[in-house]
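Q:
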Amino acid sequence: MNAGNASQKLTAALEEVRQVYVDLAQRPIQRNCARRAECCQFKLTGRTPYLTKGEAIFAAQAFRATGRKFLPQNDDGACPMLQRETGKCLIYDARPFGCRTHFCDAAGGPAARREVLDLVRRLEDVDVRLNGDGPRVLQKAIADALKEMQ
Numbered sequence: 007m008n009a010g011n012a013s014q015k016l017t018a019a020l021e022e023v024r025q026v027y028v029d030l031a032q033r034p035i036q037r038n039c040a041r042r043a044e045c046c047q048f049k050l051t052g053r054t055p056y057l058t059k060g061e062a063i064f065a066a067q068a069f070r071a072t073g074r075k076f077l078p079q080n081d082d083g084a085c086p087m088l089q090r091e092t093g094k095c096l097i098y099d100a101r102p103f104g105c106r107t108h109f110c111d112a113a114g115g116p117a118a119r120r121e122v123l124d125l126v127r128r129l130e131d132v133d134v135r136l137n138g139d140g141p142r143v144l145q146k147a148i149a150d151a152l153k154e155m156q
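Counting in my numbering, the sequence shown runs from 7 upward without gaps.
#1: Do ALA19 and CYS46 come within 7 Å of each other at the CB atom, strictly closer than that value?
#2: Sort LEU50, GLU22, ILE35, ILE63 by Cα distance to LEU152 and report the nearest one.
#3: Could you tell me the distance, in whole angstroms, from the CA atom of LEU136 to the CA atom of GLU44?
#4: Work out the CA separation of PRO55 and VAL126 for me, nearest whole Å.
#5: When you compare each of VAL122, CYS110, GLY114, PHE69 to LEU144 by their alpha carbons, which one comes out closest?
#6: Taking the CB atoms as reference points, tell me whether ALA100 and ASN38 lie closer together than 7 Å.
#7: If we count the other Cβ atoms within 10 Å of its Cβ and call it buried at 16 or more, is GLY73 buried or exposed?
#8: Drop a sphere of 10 angstroms on the beta-carbon of PRO141, count the other beta-carbons inside from all chains shown, and report buried for 16 or more, exposed for fewer.
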């Protein structure tokens with residue numbers, strides 16, 4: 007595949023990821039993220055989002071747009087997208103699907119899988135189109151996407 011076709015394929019895949027996020031936001035699922043960032047403390051919660059390749063690239067591009075190039079090493083188990091100084095997500099508008107449908111009680115608890123399964127399948131389809139290898143832990147998926155962007 008030539009570079010132009012690869013670029014078009016990636017652009018279409020990332021647009022599909024963005025559209026999945028838009029479609030999720032339009033669902034009547036009761037969600038109200040208060041941005042407390044408690045869910046971003048993976049070591050404390052024992053839960054870490056897994057990202058498909060399309061989501062990882064989408065998040066990595068948003069991370070790069072903040073002027074950063076490398077993920078920080080968080081020994082405390084916090085999400086590398088969490089800005090230490092402010093306690094806010096650096097990529098909130100581009101946050102992954104798992105962060106949008108997570109278990110946070112303050113936001114309304116987890117979205118039922120049956121309510122979002124069609125969206126999950128669409129993200130999986132994008133993963134296949136991008137030759138991904140299935141959902142991977144957030145830190146590794148985004149770090150790999152950042153390496154590919156170099």
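For every residue, glycine included, the Cβ atom is placed at its ideal position computed from N, Cα and C.
A: In short:
#1: On the sequence shown, residue 46 is found 40 positions in, with the first residue counted as 1. On the sequence shown, residue 19 is found 13 positions in, with the first residue counted as 1. Inclusion of CYS46 and ALA19 in the CB contact set at 7 Å is not warranted, their separation being larger than that value.
#2: To locate residue 152, count along the sequence shown from 1; it is residue 146. Taking only the C-alpha atoms, the option nearest LEU152 is ILE63.
#3: To locate residue 136, count along the sequence shown from 1; it is residue 130. To locate residue 44, count along the sequence shown from 1; it is residue 38. About 32 Å.
#4: Your numbering for residue 126 matches position 120 in the sequence shown. Your numbering for residue 55 matches position 49 in the sequence shown. Taking the straight line joining both Cα atoms gives about 13 Å.
#5: Start at 1 with the first residue of the sequence shown, and residue 144 comes out as number 138. The residue with the shortest Cα to Cα distance from LEU144 is PHE69.
#6: Start at 1 with the first residue of the sequence shown, and residue 100 comes out as number 94. Start at 1 with the first residue of the sequence shown, and residue 38 comes out as number 32. No, Cβ-Cβ distance for ALA100 and ASN38 is not below 7 Å.
#7: The sequence position of residue 73 within the sequence shown is 67, counting from 1. Answer is exposed; the Cβ neighbour count stays below 16.
#8: Here residue 141 is taken as the residue at index 135 of the sequence shown, counted from 1. It is buried - the Cβ of PRO141 has at least 16 other Cβ atoms within 10 Å.
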